[in-house]
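A.B. asks: Letter 24 of the sequence shown, counting from 1, is numbered 24 in my numbering, and no numbers are missing. For every residue, glycine included, the Cβ atom is placed at its ideal position computed from N, Cα and C. Only a predicted model underlies this, so the values are computations on that prediction, with no experimental measurement involved.
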Amino acid sequence: MKRTTQKAIREEIIAGRAIDATYYTCEQYDNARTTEGGFCTVATSRGAYGCNGLLAQGRKTGTIYAVCVRSSAVFLFL
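Rendered as structure tokens:
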């Protein structure tokens with residue numbers, strides 16, 4: 001797992017290399033977790049108050065999910 005910035009995470013979403021999961025509902029997260037069989041954390045962004053963003057890769061399909069704000073979604077994917 002490497003360290004990155006929120007700006008780099010946003011750039012991954014804009015470039016189309018990652019799916020924006022920032023505002024996923026619990027149902028959407030459960031569907032993604034079931035489809036993927038779990039997640040591996042690729043990179044995290046850390047600030048003064050802890051983790052404020054991450055890139056997570058699905059185990060089955062290899063799809064990359066991005067969370068680019070400090071929210072509970074960060075901790076669902078960890």
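According to DSSP, is L54 part of a helix, a strand, or is it coil?
C.D. replies: strand
A.B. asks: Is V74 helix, strand or coil by DSSP?
C.D. replies: helix
A.B. asks: Looking only at its chain, what residues have a beta carbon closer than 6 Å to the beta carbon of Q57, apart from the 5 residues adjacent to it on each side?
C.D. replies: C40, V42 and I64
A.B. asks: Drop a sphere of 10 angstroms on the beta-carbon of S72, count the other beta-carbons inside from all chains shown, and report buried for 16 or more, exposed for fewer.
C.D. replies: exposed
A.B. asks: Please list the segments of the beta strand (DSSP E) lying wholly inside the region 13–54, counting only runs of 3 or more residues, in order along the chain.
C.D. replies: Taken in chain order, the complete beta strand (DSSP E) segments of 3 residues or longer contained in the region 13–54 are 39–47.
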